[in-house]
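Peer 1: Here's a structure for you.
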Amino acid sequence: MYVWNVKYLVKRGLFVVRDYGLPALPFLLSLLIWWAISLSEIPEYILPSPLGVVQELVSPRWRWVSQIIATSWEVLGGFAAAAVLGVALGIAVSWSDYLRKTLMPFIVFFNGMPKVAAAPLVLVWFGYGILPNIAISFLISFFPVLLNTARGLSEVPYEMIELALTYHTPKWKRYVKIRIPYALPYIVTGLKLASIMSVTGAIVGEFIASEKGLAALIIQAQSYLETGAMVGALLWISALAMVLYGFVNLAEWLSMPWARRRGEGERR
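Printed below as a string of structure tokens:
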């Protein structure tokens, strides 16, 4: 019994190292390389040291909390709109061939439009504030959700649909019971892409015209050559993207128990 417990603890320890230690390794190596380079004679205003960035992150001068909250609302608004409308429209174009043939060429044409170039026009339409940044975040992150949803719904094996037709299953029930569950991995992939792209969209909007947010902070810090604050803002932007991506991963883990069981089986 004692030997079995030791083997179990060792095995669990290896799983912890694999699941948490390996992902942390690139971050630690990057931090060490950054720290080593900062020890050279490079001026602080060109490459701030990790300690200098930490000092800026705790400085009340930059009002970090309000800036982070402003950007977070923009990201969440854009991502939520992209998730809801992307999945809904993906189901719609999969449901009806007429809708697919009518809407998809226009959607592809619209998505090919450079969003950064269209951002000033969005500002003219929506004015200054949080709303145009949410709109730009939505525009950048919407298409992957739509495309992956439509693709997943169309990839269901025909044998499953044929079996449902044999039992005269209504179309809406085929979607609820067969197509949507089968398409969940595709939908989640689209949401993962959107979680990163929504952050990019919000930051693009802030760079063009915004008085609040992490991008506005970067512009302000740049005018004073405060590179420590600029790097700190970039780290916060990446952290926001990671947190949102993590929530999508959690949703995947909760919504697809079969995938979770398969992953646990592969670990044994």
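Residue numbers (our numbering): 594 to 861. Backbone N, C-alpha and C fix where the C-beta goes; we use that ideal spot for every residue, glycine too. Computed from a predicted model, the values in this text were never measured in an experiment.
CB L777 to CB M849, shorter than 8 Å?
Peer 2: Taking the sequence shown and counting its residues from 1, the one referred to as residue 777 is at position 184. Taking the sequence shown and counting its residues from 1, the one referred to as residue 849 is at position 256. Cβ distance < 8 Å, so L777 and M849 count as in contact.
Peer 1: Taking the alpha-carbon of A814 as reference, which of R654, A617 and I723 has the nearest alpha-carbon?
Peer 2: In the sequence shown, residue 814 corresponds to position 221, counting from 1. For A814, the nearest C-alpha among the options comes from R654.
Peer 1: Are the Cβ atoms of G671 and V738 separated by less than 8 Å?
Peer 2: Position 78 of the sequence shown holds residue 671. Position 145 of the sequence shown holds residue 738. Not closer than 8 Å, so no.
Peer 1: Count the other CB atoms within 10 Å of the CB of R772; is the residue buried (16 or more) or exposed (fewer)?
Peer 2: Here residue 772 corresponds to residue number 179 of the sequence shown, with the count starting at 1. With 16 or more Cβ atoms within 10 Å of its Cβ, R772 is classed as buried.
Peer 1: Could you tell me if Y799 is buried or exposed, where buried requires 16 or more neighbouring beta carbons within 10 angstroms of its beta carbon?
Peer 2: For the purposes of this step, residue 799 is taken as residue 206 along the sequence shown, with counting starting at 1. Just to set this straight, residue 799 is Glu in the shown sequence, not Tyr. By the 10 Å Cβ count, E799 comes out buried.
Peer 1: Let's see if you can read the secondary structure: which residues bound the alpha helix (DSSP H) around Y838?
Peer 2: Working through the sequence shown from its first residue, we reach residue 838 at position 245. Its alpha helix (DSSP H) spans residues T820 to S848.
Peer 1: Looking at C-alpha atoms only, which residue of L837, A808 and A675 is the closest neighbour of S730?
Peer 2: Within the sequence shown, numbered from 1, the residue matching residue 730 stands at position 137. Nearest of L837, A808 and A675 to S730, Cα basis: A675.
Peer 1: Using DSSP with H/G/I as helix, E/B as strand and the rest coil, what is T793?
Peer 2: Numbered from its first residue, the sequence shown carries residue 793 at position 200. Residue state for T793 is assigned as helix, using DSSP reduced to three classes.
Peer 1: For Y691, which of helix, strand or coil comes out of DSSP?
Peer 2: Locating residue 691 in the sequence shown gives position 98, where the first residue counts as 1. Note: Y691 maps to helix in three-state DSSP.
Peer 1: Measuring alpha carbon to alpha carbon, tell me which of R767, P641, G794 and G705 ends up nearest P725.
Peer 2: As a first step, residue 725 must be located in the sequence shown, where it is residue number 132. Out of R767, P641, G794 and G705, G794 has the C-alpha closest to the C-alpha of P725.
Peer 1: Over the uninterrupted alpha helix (DSSP H) stretch that includes G745, give me the two end residues.
Peer 2: Along the sequence shown, read from residue 1 onward, the residue named residue 745 stands at position 152. I723 to S747 is the extent of the alpha helix (DSSP H) around G745.
Peer 1: Go ahead and label V717 buried or exposed: buried means 16 or more other beta carbons lie within 10 angstroms of its beta carbon, across all protein chains shown.
Peer 2: Counted from its first residue, the sequence shown places residue 717 at position 124. V717 is exposed by the Cβ-count criterion.
Peer 1: Could you give the DSSP three-state label for P778: helix, strand or coil?
Peer 2: As a position in the sequence shown, residue 778 is number 185, starting the count at 1. For P778, the three-state secondary structure derived from DSSP is helix.
Peer 1: Near V647, which residues of its chain fall below 7 Å by C-beta distance, leaving aside the five closest residues on each side in sequence?
Peer 2: Position 54 of the sequence shown, counting from 1, holds the residue named residue 647. If we look at V647 and ignore the five residues flanking it on each side, it has no Cβ neighbours.
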